[in-house]
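*Asks:*
And the structure:
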């Protein structure tokens, strides 16, 4: 390698060497020259120190910019998270408000009704099921009748009406509704429900489930809530049959001519009215009137 290169050429190459962009041959040439040239060696050191001073960070200025950048980033993230949280809260409020509005204002099954707004008559069907005949008073409307669970022998029938009564007055006439699991049996109201009893059967060698009917006496049936109610039935009282209740409203009966009765019509579902039979006898209905003695036959 030629070591007699002029210092001017070397100094032209030094910036490239310091910036690490010179070729390997140029770097080798500069290093070889600076081994014997103290002036170029000092020039290289001065250039290196100047470059180091130029690139040296200024602590106070850099830290201030760093803190400012972190602060801006934190504020940006905070603003973004606050916006998202506010949107989530607003969405939650809208959903809950809509649900409450629909449930409290539009729903027709949520407002407990005053028990004095209706007359209620309990009776039992031919199969023993207990039902209630509900007749509204003063045009008040109702839509639903909830039945509470059997608690200490007491069952509540909770009437409910729409809160927006001006939208729909509801049922203003009479309506029959069955009571769940309540039956008239042996002169009293009882609750019947099915339950499963698990036991081990040694003959089968496994556990089996058996459907078991549970019967419990009903001490009282109340119309209304636990705080405001009218008692419909107390243990020991009699309940009328469905025929006795429906006789009070002839529009609910199925009246047929005796000649039109088919074999499929049962006496329990059809009431036959004889054309020559009196509607009443001494203030009593036909069901309560005593039968007359048959006329004696003419011996002749």
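Residue numbers (the working numbering): 636 to 935.
Even for Gly, the Cβ is constructed at its ideal location relative to N, Cα and C.
Following the continuous beta strand (DSSP E) through residue 767, name the residue where it begins and the one where it ends.
*Replies:* Locating residue 767 in the chain shown gives position 132, where the first residue counts as 1. Unbroken beta strand (DSSP E) run through residue 767: 764 to 771.
*Asks:* Report the residue from 856, 862, 811 and 783 whose alpha carbon sits nearest the alpha carbon of residue 872.
*Replies:* Residue numbering aside, residue 872 sits at position 237 when the chain shown is read from its first letter. Checking every option, the nearest Cα to that of residue 872 belongs to 856.
*Asks:* Should residue 828 be labelled buried (16 or more other beta-carbon atoms within 10 Å of its own) or exposed?
*Replies:* Numbered from its first residue, the chain shown carries residue 828 at position 193. It is exposed - the Cβ of residue 828 has fewer than 16 other Cβ atoms within 10 Å.
*Asks:* Once the 5 residues before and after residue 849 are set aside, which same chain residues still bring their CB inside 6 Å of it?
*Replies:* Translated into the one-based positions of the chain shown, residue 849 becomes position 214. 828 and 830, listed in sequence order.
*Asks:* Answer with buried or exposed for residue 819, where buried requires no fewer than 16 other C-beta atoms within 10 angstroms of its C-beta.
*Replies:* Working through the chain shown from its first residue, we reach residue 819 at position 184. Flag for residue 819 reads buried.
*Asks:* So who's on the other strand from residue 844, going by DSSP bridges?
*Replies:* Taking the first residue of the chain shown as position 1, residue 844 is located at position 209. Answer by DSSP bridge pairing, in chain order: 833.
*Asks:* Classify residue 640 as helix, strand or coil using the three-state DSSP reduction.
*Replies:* Taking the chain shown and counting its residues from 1, one reaches residue 640 at position 5. Residue 640 falls in the coil class under three-state DSSP.
*Asks:* Would you call residue 639 buried or exposed, if buried means 16 or more other Cβ atoms sit within 10 Å of its Cβ?
*Replies:* Counting from 1 along the chain shown, the entry for residue 639 is found at position 4. Answer is exposed; the Cβ neighbour count stays below 16.
*Asks:* Do the region 756 to 763 and the region 710 to 724 make contact, defined as three or more Cβ pairs closer than 8 Å?
*Replies:* The region 756 to 763 vs the region 710 to 724: no contact.
*Asks:* Quickly, what does DSSP pair residue 780 with across the bridge? List them, please.
*Replies:* As a position in the chain shown, residue 780 is number 145, starting the count at 1. For residue 780, which the question treats as bridged, DSSP gives the partners 794.
*Asks:* First and last residue of the alpha helix (DSSP H) that includes residue 785?
*Replies:* Within the chain shown, the letter at position 150 stands for residue 785. No alpha helix (DSSP H) holds residue 785; DSSP gives it neither H nor E.
*Asks:* In this structure, does DSSP put residue 879 in helix, strand or coil?
*Replies:* Looking up residue 879 in the chain shown gives position 244. The answer is helix: DSSP assigns residue 879 an H, G or I state.
*Asks:* Taking C-alpha atoms, which residue in 815, 851, 793 and 844 lies nearest to residue 862?
*Replies:* Translated into positions along the chain shown, residue 862 becomes position 227. Cα-wise, what sits closest to residue 862 is 793.
*Asks:* Where residue 854 and residue 719 are concerned, what is the direct C-alpha to C-alpha distance, given to the nearest angstrom?
*Replies:* Counting from one through the chain shown, the residue named residue 854 turns up at place 219. Counting from one through the chain shown, the residue named residue 719 turns up at place 84. Going from the Cα of residue 854 to the Cα of residue 719 covers about 58 Å.
*Asks:* Candidates 686, 681 and 641: which alpha carbon is nearest residue 668's?
*Replies:* Residue 668 sits at position 33 when you count from the first residue of the chain shown. Checked all of 686, 681 and 641; the closest Cα to residue 668 is 641.
*Asks:* Quickly, what does DSSP pair residue 813 with across the bridge? List them, please.
*Replies:* What you label residue 813 is simply residue 178 of the chain shown in a count that begins at 1. Answer by DSSP bridge pairing, in chain order: 766.
*Asks:* Residues in the same chain with beta-carbon distance under 7 Å from residue 665, minus the five sequence neighbours each way, listed in chain order, please.
*Replies:* As a position in the chain shown, residue 665 is number 30, starting the count at 1. Only 645, 648, 649 and 652 meet the Cβ criterion.
*Asks:* Using only alpha-carbon positions, find the residue among 786, 766, 791 and 866 that is nearest to residue 878.
*Replies:* Position 243 of the chain shown, counting from 1, holds the residue named residue 878. Nearest C-alpha to residue 878: 766.
*Asks:* Quick one, which of 656, 754, 703 and 657 has its alpha-carbon nearest residue 867's?
*Replies:* Here residue 867 refers to the residue found at position 232 of the chain shown. The option with the nearest alpha carbon to residue 867 is 754.
*Asks:* Is the distance from the Cβ of residue 860 to the Cβ of residue 791 below 8 Å?
*Replies:* Locating residue 860 in the chain shown gives position 225, counting from the first residue. Locating residue 791 in the chain shown gives position 156, counting from the first residue. Contact: yes.
*Asks:* Can residue 789 and residue 780 be called in contact, C-beta distance under 8 Å?
*Replies:* Looking up residue 789 in the chain shown gives position 154. Looking up residue 780 in the chain shown gives position 145. No, the Cβ-Cβ distance between residue 789 and residue 780 is not below 8 Å.
*Asks:* Starting from residue 671, trace the alpha helix (DSSP H) in both directions and tell me its first and last residue.
*Replies:* The count along the chain shown starts at 1 and reaches residue 671 at position 36. 659 to 671 is the span of the alpha helix (DSSP H), which, as asked, contains residue 671.
*Asks:* Could you tell me the distance, in whole angstroms, from the CA atom of residue 728 to the CA atom of residue 839?
*Replies:* In the chain shown, residue 728 corresponds to position 93, counting from 1. In the chain shown, residue 839 corresponds to position 204, counting from 1. Taking the straight line joining both Cα atoms gives about 59 Å.
*Asks:* What would DSSP say about residue 871, mapped onto helix, strand or coil?
*Replies:* Walking along the chain shown from the start, residue 871 turns up at place 236. Here residue 871 sits in coil by DSSP.
*Asks:* Give every residue of the same chain whose Cβ lies closer than 8 Å to the Cβ of residue 672, excluding the five residues on either side of it in the sequence, and list them in chain order.
*Replies:* Reading the chain shown from its first residue, position 37 is the one you call residue 672. 642 and 645, listed in sequence order.
*Asks:* Between the alpha carbons of residue 864 and residue 874, how many angstroms are there, rounded?
*Replies:* Stepping through the chain shown from its first residue, residue 864 is reached at position 229. Stepping through the chain shown from its first residue, residue 874 is reached at position 239. When rounded, the distance between both Cα atoms is 19 Å.
*Asks:* Using the beta-carbon count (16 or more within 10 Å), is residue 750 buried or exposed?
*Replies:* Position 115 of the chain shown, counted from the start, is the residue given in the question as residue 750. Classification of residue 750: buried, given that the 10 Å Cβ count is 16 or more.
*Asks:* How long is the line joining the alpha carbons of residue 852 and residue 836, rounded to whole angstroms?
*Replies:* The count along the chain shown starts at 1 and reaches residue 852 at position 217. The count along the chain shown starts at 1 and reaches residue 836 at position 201. Going from the Cα of residue 852 to the Cα of residue 836 covers about 31 Å.
*Asks:* Short check: CB of residue 747 to CB of residue 795, under 8 Å?
*Replies:* Numbered from 1 along the chain shown, position 112 holds the residue referred to as residue 747. Numbered from 1 along the chain shown, position 160 holds the residue referred to as residue 795. Yes, Cβ-Cβ distance for residue 747 and residue 795 is below 8 Å.
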